[in-house]
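Written below as structure tokens is the structure these notes are about.
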Amino acid sequence: MLFLNPWLLLALAGASIPVIVHLVRRQAAKPFAWGAMRFLMDSLSQRRRRMELEDLLLMAARCLLLALAALAIARPFIPPNSATPWLLVLPAVLLGISLFGGSFVLSTTRSRLLVRAIALLMLGLAVAMVVWERQLNLRRFEAAGRRDVALVIDASTSMTRTSGTRTLFDDALDEARRIVKDAPRGTSFAVILGGPSPQALSSTPVSHRDDVLAQLDGLHAVGGTFRVNEALGMATLVLAEGERPNKDIIVLTDMQRHGWSFDNAGAWKTLAAAWNALPAKPHLLLRGLPQAPALRNAGIASITTGRELTGTDRQCLLRTEVVSTGNQPVMAGELLIEIDGQPIAHEALGLLTPGQAQIIETRHRFTSPGAHVVIARLNGHDDIAGDDHAELVVMVRKALRVVLVDGNPAGSFFERAAGHTALALAPASDLLRGGRVGADFLMDPVVIPAPDLTADMLAGAEVVVLADVPRLPAAIAAALAERTAAGSGLLVLAGPGSDPTFYNAWAGPDGALLPLTLGGESTAAKGVSPSPASFRHAALAWASDERRSDLGAAVIRRWHKSTLLPATGALAATFANGDPFLATRGYGGGRCVVATCAFDARAGNLPARSAFVPLVQDLVAWAAGGGVNWNLDSAWSPSVALDSRSSGGLAASYSHRDPKAERPLLERIDPTIDFNWATLPPGRNVPRDNFAVRWRATLLPQLSGDYQLEAEVDDHITIKIADKPVMEQKVNQAAVKGRVRLEAGKPVAFEALYEQVGGNPHVRLLWTPPGGTRQIIPATAWLPAQDKPAPAGEATDPGSHPRKVAVLFGRRGRELRIDGPAVPGLYQVKLPPDVRESITGDTATTPLPVVVRGDIAESRLDALTKEDLVELRSRIDVMEPKSTADVLAVLSGRGFGREITRLIATAALLLLLLEMALARWVSRSRRAGDDLRIEFGDTTPGSLENAGSR
Numbered sequence: 024m025l026f027l028n029p030w031l032l033l034a035l036a037g038a039s040i041p042v043i044v045h046l047v048r049r050q051a052a053k054p055f056a057w058g059a060m061r062f063l064m065d066s067l068s069q070r071r072r073r074m075e076l077e078d079l080l081l082m083a084a085r086c087l088l089l090a091l092a093a094l095a096i097a098r099p100f101i102p103p104n105s106a107t108p109w110l111l112v113l114p115a116v117l118l119g120i121s122l123f124g125g126s127f128v129l130s131t132t133r134s135r136l137l138v139r140a141i142a143l144l145m146l147g148l149a150v151a152m153v154v155w156e157r158q159l160n161l162r163r164f165e166a167a168g169r170r171d172v173a174l175v176i177d178a179s180t181s182m183t184r185t186s187g188t189r190t191l192f193d194d195a196l197d198e199a200r201r202i203v204k205d206a207p208r209g210t211s212f213a214v215i216l217g218g219p220s221p222q223a224l225s226s227t228p229v230s231h232r233d234d235v236l237a238q239l240d241g242l243h244a245v246g247g248t249f250r251v252n253e254a255l256g257m258a259t260l261v262l263a264e265g266e267r268p269n270k271d272i273i274v275l276t277d278m279q280r281h282g283w284s285f286d287n288a289g290a291w292k293t294l295a296a297a298w299n300a301l302p303a304k305p306h307l308l309l310r311g312l313p314q315a316p317a318l319r320n321a322g323i324a325s326i327t328t329g330r331e332l333t334g335t336d337r338q339c340l341l342r343t344e345v346v347s348t349g350n351q352p353v354m355a356g357e358l359l360i361e362i363d364g365q366p367i368a369h370e371a372l373g374l375l376t377p378g379q380a381q382i383i384e385t386r387h388r389f390t391s392p393g394a395h396v397v398i399a400r401l402n403g404h405d406d407i408a409g410d411d412h413a414e415l416v417v418m419v420r421k422a423l424r425v426v427l428v429d430g431n432p433a434g435s436f437f438e439r440a441a442g443h444t445a446l447a448l449a450p451a452s453d454l455l456r457g458g459r460v461g462a463d464f465l466m467d468p469v470v471i472p473a474p475d476l477t478a479d480m481l482a483g484a485e486v487v488v489l490a491d492v493p494r495l496p497a498a499i500a501a502a503l504a505e506r507t508a509a510g511s512g513l514l515v516l517a518g519p520g521s522d523p524t525f526y527n528a529w530a531g532p533d534g535a536l537l538p539l540t541l542g543g544e545s546t547a548a549k550g551v552s553p554s555p556a557s558f559r560h561a562a563l564a565w566a567s568d569e570r571r572s573d574l575g576a577a578v579i580r581r582w583h584k585s586t587l588l589p590a591t592g593a594l595a596a597t598f599a600n601g602d603p604f605l606a607t608r609g610y611g612g613g614r615c616v617v618a619t620c621a622f623d624a625r626a627g628n629l630p631a632r633s634a635f636v637p638l639v640q641d642l643v644a645w646a647a648g649g650g651v652n653w654n655l656d657s658a659w660s661p662s663v664a665l666d667s668r669s670s671g672g673l674a675a676s677y678s679h680r681d682p683k684a685e686r687p688l689l690e691r692i693d694p695t696i697d698f699n700w701a702t703l704p705p706g707r708n709v710p711r712d713n714f715a716v717r718w719r720a721t722l723l724p725q726l727s728g729d730y731q732l733e734a735e736v737d738d739h740i741t742i743k744i745a746d747k748p749v750m751e752q753k754v755n756q757a758a759v760k761g762r763v764r765l766e767a768g769k770p771v772a773f774e775a776l777y778e779q780v781g782g783n784p785h786v787r788l789l790w791t792p793p794g795g796t797r798q799i800i801p802a803t804a805w806l807p808a809q810d811k812p813a814p815a816g817e818a819t820d821p822g823s824h825p826r827k828v829a830v831l832f833g834r835r836g837r838e839l840r841i842d843g844p845a846v847p848g849l850y851q852v853k854l855p856p857d858v859r860e861s862i863t864g865d866t867a868t869t870p871l872p873v874v875v876r877g878d879i880a881e882s883r884l885d886a887l888t889k890e891d892l893v894e895l896r897s898r899i900d901v902m903e904p905k906s907t908a909d910v911l912a913v914l915s916g917r918g919f920g921r922e923i924t925r926l927i928a929t930a931a932l933l934l935l936l937l938e939m940a941l942a943r944w945v946s947r948s949r950r951a952g953d954d955l956r957i958e959f960g961d962t963t964p965g966s967l968e969n970a971g972s973r
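Count along the sequence shown from 1, add 23, and you get the number used in the working numbering.
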């Protein structure tokens with residue numbers, strides 16, 4: 024317990040007034056000798072103790088009354104996180120004062136000393152607790168001169184909550200303005216806008232208040248999640264640049280729990296260490312803005328497509344999830360769906376109860392490939408407007424090249440191992456005649472008999488399907504493993520002819536290729552059926568619904584009993600007997616799927632099921648992947664991984680062969696050095712002849728030993744490893760073999776310069792690893808050289824503000840980075856034609872859309888709990904001012920807390936009434952003693968009364 028007017032505590036001396044009056048009145052009394060007094064004293068001795076008790080109560084009440092009045096004018100308050108309970112301090116003070124005053128009416132010396140000792144002990148204990156409280160708490164508010172203050176303003180989605188015409192964010196800005204205007208002189212401010220990534224409006228605290236107010240006037244809520252730890256880290260960096268000795272951080276927030284990252288103890292330890300490194304450890308003032316307890320809100324949680332891969336050959340399923348995030352029922356209104364600015368559907372939703380979710384399905388067929396923007400909007404009237412819309416970028420593909428390797432090519436089309444699978448991918452009669460389906464279908468399968476397969480036939484294939492292929496030649500198996508690790512898809516249909524020994528030993532850059540150990544073939548006359556409940560894979564979730572899928576009715580009579588490799592594989596489905604049916608794994612930058620039975624009539628009647636077609640298509644689509652992900656989660660800055668399926672490569676710079684050429688014509692990531700351009704130029708703006716390519720990368724070998732390098736080239740290539748020349752090869756020159764010793768896992772710098780003058784431009788770089796065979800150096804052996812981001816264009820963010828765009832050649836390939844924080848919403852990116860072509864393969868002039876998704880959890884009414892605040896205080900120094908006045912009190916060094924003046928004044932009033940009643944009762948009690956009858960000798964009562972009257 025502390026006091027706003029501590030010097031007025033001197034008024035406690037007024038509690039001695041009743042004692043002084045008592046002592047004066049006792050000294051003024053004059054004794055009179057009366058012989059009969061001894062008889063009277065004998066009769067009054069029995070009442071002495073009662074009278075002392077009455078005097079003690081009166082004296083204690085009067086001293087206590089004056090003490091309460093003195094405490095009330097000193098204005099006591101309870102500071103936050105008080106170390107000593109005021110319910111101990113206040114009673115100790117009052118009890119000590121009342122006992123000390125009351126001791127003066129006691130008649131015996133021993134009792135007076137005992138009571139005074141107890142009173143002094145209580146007063147000393149109270150004083151010690153007050154001093155201790157002051158040392159522990161008031162020093163948190165002490166102002167030792169000028170201050171640097173960081174104003175962190177929560178700009179998340181929940182701050183768009185509306186009350187009337189104002190939002191919580193408006194209230195936060197008003198409070199920030201008042202703090203800036205009324206703060207003590209010598210205070211500098213830095214404004215931090217909190218959201219998915221914090222924005223510091225200045226690099227150092229600003230002392231000119233008009234500039235700070237101007238910064239506040241230009242702010243608006245950005246939406247998304249308020250990541251508190253990152254915002255406090257940004258505030259710490261800005262405060263470290265300030266010159267003032269004292270530091271404070273004020274967080275204006277709605278106390279939404281989402282975004283506090285209590286489970287990340289390391290981040291909070293790092294923040295505490297950063298605070299300790301400052302000249303003065305900052306105080307954190309957590310100002311929770313008042314808001315209504317009832318929340319009526321419906322928001323769009325997500326909008327998704329039915330599969331990762333979308334084509335122009337069929338309708339696309341769009342799923343929009345609308346959720347009631349409040350604690351009151353809400354009318355969600357109408358849901359509108361737009362694609363590329365054109366409305367395609369609308370649906371009335373009606374009343375949603377708290378926590379209720381509703382999924383609206385919309386089907387639409389895209390007629391053109393490329394990027395399309397889907398926008399869902401709610402037009403209801405709820406409390407939070409920031410979650411009433413959501414965006415999605417759908418990248419529509421024109422074709423997906425699928426190569427099916429048929430391990431049983433004999434017989435008619437449907438007797439072959441790949442026949443049913445090929446027809447499921449593209450149901451067209453042209454396939455039955457051995458033709459191609461062309462542009463009518465997304466998936467354009469090419470069926471190749473296994474004996475005829477060569478490595479060149481796999482070029483350009485995005486998914487390779489091995490349909491009951493017994494085994495592959497070592498060179499093709501190695502190349503296919505490399506392609507899968509580099510980002511392509513692989514689907515293995517293990518039929519009767521598949522050799523478990525080969526598949527179990529098949530390994531590549533990322534270890535064993537298959538997600539399971541393939542066992543011997545099992546047969547059963549009655550067969551087994553896939554278990555619908557076991558379809559847990561995201562791409563096959565629809566198969567668990569027996570109303571939509573008849574896969575549970577399929578009968579499989581021949582399958583391989585297999586064992587999942589839990590370290591790398593995941594079960595996608597099982598048979599009813601528990602044996603694996605489908606298993607998946609990510610392999611480097613690609614994906615691998617294995618079915619433990621053939622997809623033809625030899626294994627059972629699976630191809631006859633109506634769900635067989637979507638099963639095959641979804642397996643191939645998942646293996647292919649969705650390509651570049653243009654829909655991002657909120658992060659520090661919007662960043663698109665352009666080579667997300669690539670596990671490595673080389674940073675390539677294409678230019679004119681003229682040494683005076685300064686600016687590259689084209690920059691990209693090449694997965695390997697394996698090109699035969701023939702009559703085509705290497706890329707946009709690059710000439711067919713007289714060009715040069717410089718590849719730079721980090722070479723990361725997997726084996727230790729001597730490597731032999733070779734090149735097939737037209738016209739000229741030179742290679743350096745670790746800045747040392749290794750080999751040089753020219754056209755029409757005898758083959759040159761370079762040798763270099765490498766250590767497994769030890770990266771070395773690599774650089775190659777290719778020059779082409781004329782003729783047939785091609786270049787291939789091969790190596791022979793220790794104990795291995797001659798092969799193209801795979802993409803997994805390369806890490807692109809790190810470069811500074813190069814300006815590549817500009818973007819418009821959701822608030823229509825311009826942003827810079829750069830392409831970064833990083834460890835995992837190219838990265839499109841948009842400058843600034845990741846504000847949720849739609850970004851329109853404009854790129855130069857050559858950059859766009861290298862990313863999307865087209866030269867369209869329309870902006871390229873990028874979406875940063877919001878988080879519906881930010882819209883839920885989930886405030887910080889008392890347990891959360893206790894945990895937070897255990898990590899950092901936190902104060903919780905309840906008003907703007909409390910914040911200003913801290914900045915002024917006065918402190919704040921819960922004032923209890925009214926409580927003490929009320930107690931004084933009640934005590935006054937009690938003292939009046941007690942005094943009246945004592946007075947009446949003592950007047951009753953005047954009627955006492957005393958008899959002397961034989962005197963009759965009547966004579967005594969007559970004598971008294973005389």
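Beta carbons: idealized from backbone N, C-alpha and C, even for Gly.
- Annotation note: the region 587-625 contains the following uninterrupted beta strand (DSSP E) runs of length 3 or greater, listed N- to C-terminal: 593-597, 603-610, 613-618.
- With 16 or more other Cβ atoms from the protein chains shown falling within 10 Å of its own Cβ, E77 counts as buried.
- Taking the C-beta atoms as reference points, A178 is found nearer than 7 Å to A244.
- When the Cα atoms are used, A517 and R826 turn out to be separated by approximately 51 Å.
- In the DSSP assignment, S662 falls within the beta strand (DSSP E) that extends over 662-664.
- A residue is called buried when at least 16 other Cβ atoms come within 10 angstroms of its Cβ; F714 meets this threshold and is buried.
- Taking C-alpha positions only, A528 is separated from S585 by approximately 14 Å.
- Here the region 478-487 makes no contact with the region 771-779; the two share fewer than three CB pairs at distances below 8 Å.
- Counting every other CB atom within 10 Å of its CB across the protein chains shown gives M257 a total of 16 or more, marking it as buried.
- Excluding the 5 residues flanking it on each side, H395 has same chain C-beta neighbours closer than 7 Å at I362, D363, F389, V417, V419, in chain order.
- For I202, the enclosing alpha helix (DSSP H) starts and ends at 191-205.
- Taking a cut-off of 8 Å on C-beta distances, the region 790-810 touches the region 718-735, as three or more cross pairs fall below it.
- Beyond the five residues adjoining it in sequence on each side, N708 comes within less than 7 Å, by CB distance, of L688, L689, D857 in the same chain, given in chain order.
- C-alpha of F622 to C-alpha of A502: approximately 25 Å in a straight line.
- Contact between A115 and A142 is absent: CB atoms are separated by about 10 Å, not below the 8 Å threshold.
- By the Cβ neighbour-count rule, N431 is buried, with 16 or more other Cβ atoms within 10 Å of its own.
- Within its own chain, the residues whose Cβ lies closer than 7 Å to the Cβ of A254, once the five positions on either side in sequence are excluded, are V175, I215, G217, P221, listed in chain order.
- Taking each of L89, R169, M82, L113 in turn and checking the Cα distance to S915, the smallest one comes out for R169.
- In the structure shown, the three-state DSSP call for K905 is coil.
- Spatial neighbours of G393 in its own chain (CB-CB distance under 8 Å, excluding positions within 5 residues in sequence) are listed in chain order as M418, V419, T863, D865, A867.
- In the structure shown, the three-state DSSP call for Q731 is strand.
- M82 carries a helical assignment under DSSP once its states are collapsed to helix, strand and coil.
- The C-alpha of C620 is placed about 15 Å away from the C-alpha of E438.
- Contact annotation: R559 and D697 have beta-carbon atoms that are not nearer than 7 Å.
- With the rule of 3 Cβ pairs closer than 8 Å, the region 325-340 does not count as touching the region 291-301.
- Pairing R947 with V112, the inter-Cα distance amounts to about 36 Å.
- Three or more Cβ pairs closer than 8 Å define a contact, and the region 834-850 falls short of that threshold against the region 631-641.
- Under the three-pair Cβ rule at 8 Å, the region 891-904 counts as touching the region 280-290.
- Between L89 and the set R133, Q365, L933, S554, the nearest pair of CA atoms involves L933.
- Looking only at P268, G649, G627, T343, the smallest Cα-Cα distance to G512 is reached by G649.
- In terms of Cα proximity to T803, the closest of S211, E505, T540 is E505.
- Annotation for Q381: the continuous beta strand (DSSP E) segment containing it runs 380-387.
- The region 570-581 makes contact with the region 541-556: 3 or more CB pairs, one atom from each, lie closer than 8 Å.
- Across the structure, A151 and P99 are spaced so that their CA atoms are roughly 16 Å apart.
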